[in-house]
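Scroll down for the structure; my scribbles are underneath it.
There are 2 protein chains.
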Amino acid sequence: MRNFMATAKALSDEGRVRIVAALAGQELCVCELIEFLELAPSTVSKHLSLLKQARIIEGRKSGRWIYYRLVGDDAPVEVLAAIEWVRSSLRDDPVARRDSERVSEIVAGRADACSD
Amino acid sequence: MRNFMATAKALSDEGRVRIVAALAGQELCVCELIEFLELAPSTVSKHLSLLKQARIIEGRKSGRWIYYRLVGDDAPVEVLAAIEWVRSSLRDDPVARRDSERVSEIVAGRADACSD
DNA sequence: CCTATAATTCGCCATATAACGAATTGTATG
DNA sequence: CATACAATTCGTTATATGGCGAATTATAGG
Chain Y
0 MRNFMATAKA LSDEGRVRIV AALAGQELCV CELIEFLELA PSTVSKHLSL LKQARIIEGR
60 KSGRWIYYRL VGDDAPVEVL AAIEWVRSSL RDDPVARRDS ERVSEIVAGR ADACSD
Chain U
0 MRNFMATAKA LSDEGRVRIV AALAGQELCV CELIEFLELA PSTVSKHLSL LKQARIIEGR
60 KSGRWIYYRL VGDDAPVEVL AAIEWVRSSL RDDPVARRDS ERVSEIVAGR ADACSD
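Protein chains in written order, with numbering that gives the first Met the number 0: chain Y, 0 to 115; chain U, 0 to 115.
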């Protein structure tokens, strides 16, 4: 129950859900997620920390950047099921669609921003 | 996104999740849920109101009692998927197991309490 | 009718949470 | 080694949330 509630609480904030949805397609570094959500760096960092503690995402350090991605198939059942819940529920969601396009743009412009 | 977040927020409280799990097997009236959660009537009522607004549960009035149950298959996708997420995640959860037994006891003693 | 029980609504309070800015750490690069 | 940028941590603040008790509404039964 403890772990389940950690997962549930992690998904009870819209910003964090949008992060999870954004990471469904590809990994993104923190500065890209900041640009995506249009929130202060400290705020986004806190969200990422919470999602990481809930074992929903994991980070990979590369130079100055930290890339976050969804956890792999070795993750706990309630987490994998939660991710699938988000994906299936937002498949036809207008906000999620716009977000998806915006993420694509941000990734496309990577040469100007987060790259080594 | 709006509806999804309503569902997610509804499941971000442990008491409400335990209600959903308890209603997975059978419908229960409010006074049974009060006994189950050991919370004040006003608190439980508020939780039920929130779950109802999120379209996760629905109520059926019978005499003095109002029986709540999980929504049927005609409910929104994100709600059905959420219910399935809870069920599968808590299948082997110790707390959920004890809760399940307790609900059985409460239902078994229905003749002394909630019946018409 | 009057009382008891079920359930909800309302107002209050304590705590949790999300947001920010400032300060800090770490890494690449001039 | 100084600077710039990525990211985090910390302290603060405003708001959201969960809990309760008191008051209210509705229904069954003496």
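A virtual CB, placed ideally from N, CA and C, is assigned to each residue, including glycine.
* Asked: In the region 24-73 of chain U, which residue ranges form an unbroken alpha helix (DSSP H) of at least 4 residues, counting only runs that do not cross its ends?
  -> Here the runs fully enclosed are 29-36, 40-52.
* Asked: Are the C-beta of Asp135/U and some C-beta of chain Y separated by less than 7 Å?
  -> The structure shown does not extend to residue 135/U, since chain U is modelled only from 0 to 115, so the question has no answer here.
* To do: Can you give me the Cβ contacts of Glu77/U inside the same chain, cut-off strictly under 7 Å, excluding the 5 residues immediately before and after it?
  => Excluding residues within five positions, the ones whose Cβ falls inside 7 Å are Asn2, Phe3, Thr6.
* Listed in chain order, which residues of the region 52-74 of chain Y have Cβ atoms closer than 7 Å to some Cβ of chain U? -> Listed by position, the residues of the region 52-74 of chain Y near chain U (Cβ gap below 7 Å) amount to none.
* To do: Scan the region 0-28 of chain Y for residues whose Cβ lies nearer than 7 Å to a Cβ of chain U and list them as they occur along the chain.
  => Correct list: Met0, Phe3, Met4, Ala7, Lys8, Leu10, Ser11, Glu13, Val16.
* **Contacts of Glu77/Y in chain U (Cβ-Cβ under 7 Å)** => Neighbours of Glu77/Y on chain U, chain order: Ser88.
* Neighbour-count burial assignment, Glu31/U, 16 or more Cβ in a 10 Å radius -> Taking all protein chains shown into account, Glu31/U has 16 or more neighbouring C-beta atoms within 10 Å of its C-beta and is therefore buried.
* **chain U contact residues for Val94/Y, given Cβ-Cβ distances below 7 Å** => Met0, listed in chain order.
* To do: Write down the C-beta distance between Leu36/U and Val29/U rounded to the nearest angstrom, noting that I regard them as a contact closer than 8 Å.
  => Taking C-beta atoms under 8 Å as the contact rule, Leu36/U and Val29/U fail to qualify, at a distance of about 11 Å.
* **Cutoff 6 Å; reference Ala79/Y; Cβ partners in own chain excluding five residues on either side** => Correcting the residue type first, residue 79/Y is Leu in the shown sequence and not Ala. Nothing meets the Cβ criterion.
* So, is Ser87/U buried or exposed, given that buried needs 16 or more other C-beta atoms within 10 angstroms? -> Burial call: exposed.
* Asked: Does DSSP put Arg90/U in a helix, a strand or coil?
  -> Shown here, Arg90/U sits in coil according to DSSP, grouped into three states, outside any helix or strand.
* Within the chosen definition, does the region 18-29 of chain U reach the region 47-60 of chain U through at least 3 CB pairs nearer than 8 Å? -> As far as the Cβ criterion goes, the region 18-29 of chain U touches the region 47-60 of chain U, which means the pair count is three or higher.
* Asked: Are any of the Cβ atoms in chain U nearer than 7 Å to that of Ala80/Y?
  -> Under the 7 Å criterion on CB atoms, Ala80/Y is classed as interfacial with respect to chain U.
* Asked: Just to confirm, are Ala9/U and Leu49/U a CB contact at a threshold of 7 Å?
  -> Taking 7 Å as the cut-off, the Cβ atoms of Ala9/U and Leu49/U count as close.
* Return yes when the C-beta of Thr6/U is under 6 Å from any heavy atom of the ligand PLP, and no when it is not. => Ligands are entirely absent from the displayed structure, and the ligand PLP is therefore not among its contents.
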